[in-house]
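Structure, as structure tokens:
In the working numbering, the protein residues as written are 140 to 286.
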């Protein structure tokens, strides 16, 4: 991970109404913006910005609700959100066991975390922006080979 995407450990965040709070105890393994249909609908915008973390690094207080569906990739994914205000907080995917996708904008201070890539760039809407400095993949890039 490049240093510009690397946060200090023990960052906090939560939902809009404060009913759900969380702390992350490790640096993201990867960060990126996603232009897939599901992420656009979840965010209510042209894309979503995620940080991938080990599931064990996320500790939350409060109750979350979870919605599960089949994503553009064909895999099963879920999104957990505050049942009071509806703020999306994190998600999971069967394609990445043991990993959570934290919604970066839910952090108390998201500014230091920078995206490292863009995925599903083929779904970029004409009015949205894709940073030309980011590596962009038309869909999800292949997972690195286990070594």
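For glycine and all other residues, C-beta sits at the position ideal for the given N, C-alpha and C. All values reported here derive from a predicted model rather than from experimental measurement.
Which residue wins for smallest C-alpha separation from residue 161, given the options 172, 205 and 197? Stepping through the chain shown from its first residue, residue 161 is reached at position 22. Cα-wise, what sits closest to residue 161 is 197.
In angstroms, rounded to a whole number, what distance separates the CA positions of residue 259 and residue 279? Along the chain shown, one-based indexing puts residue 259 at 120. Along the chain shown, one-based indexing puts residue 279 at 140. Between residue 259 and residue 279, the C-alpha separation is close to 6 Å.
Close Cβ partners of residue 205 (< 6 Å) along its chain, the five nearest in sequence each way excluded: Walking along the chain shown from the start, residue 205 turns up at place 66. Correct list, in chain order: 217 and 219.
Have a look at the DSSP bridge pairing and note the partners of residue 255. Taking the first residue of the chain shown as 1, we reach residue 255 at position 116. Partner(s): none; residue 255 has no beta bridge.
Neighbour-count burial assignment, residue 175, 16 or more Cβ in a 10 Å radius: On the chain shown, residue 175 is found 36 positions in, with the first residue counted as 1. With 16 or more other Cβ atoms within 10 Å, it is buried.
Exposure of residue 184, with buried meaning 16 or more beta-carbon neighbours within 10 Å: Stepping through the chain shown from its first residue, residue 184 is reached at position 45. Residue 184 should be labelled exposed.
Beta-ladder partner(s) of residue 162, from DSSP: As a first step, residue 162 is located in the chain shown; it is residue number 23 there, counting from the start. Beta-bridge pairing links residue 162 to 151 and 198.
With a threshold of 7 Å on Cβ separation, who are the neighbours of residue 211 within its own chain once the five nearest residues in sequence on each side are excluded? As a first step, residue 211 must be located in the chain shown, where it is residue number 72. The answer, listed in chain order, is 175, 176, 177 and 259.
According to DSSP, which residues form a beta bridge with residue 189? Along the chain shown, one-based indexing puts residue 189 at 50. DSSP, once it has assigned bridges, lists 171 and 242 as partnering residue 189.
Could you check if residue 285 is buried or exposed, using at least 16 other CB atoms within 10 Å of its CB as the buried criterion? Position 146 of the chain shown, counting from 1, holds the residue named residue 285. Caution applies to residue 285, whose pLDDT of 46 falls short of 50 and renders its modelled position unreliable; the value that the coordinates give is listed next. Answer is exposed; the Cβ neighbour count stays below 16.
Whether residue 234 touches residue 172 by CB criterion (9 Å): Position 95 of the chain shown, counting from 1, holds the residue named residue 234. Position 33 of the chain shown, counting from 1, holds the residue named residue 172. Not closer than 9 Å, so no.
In terms of DSSP beta bridges, what is residue 278 paired with? For this step, residue 278 is matched to residue 139 along the chain shown. Answer is none; residue 278 lacks a bridge partner.
Go ahead and pull the three-state DSSP assignment for residue 228. The residue labelled residue 228 in the question sits at position 89 within the chain shown. Residue state, collapsed to three classes: strand.
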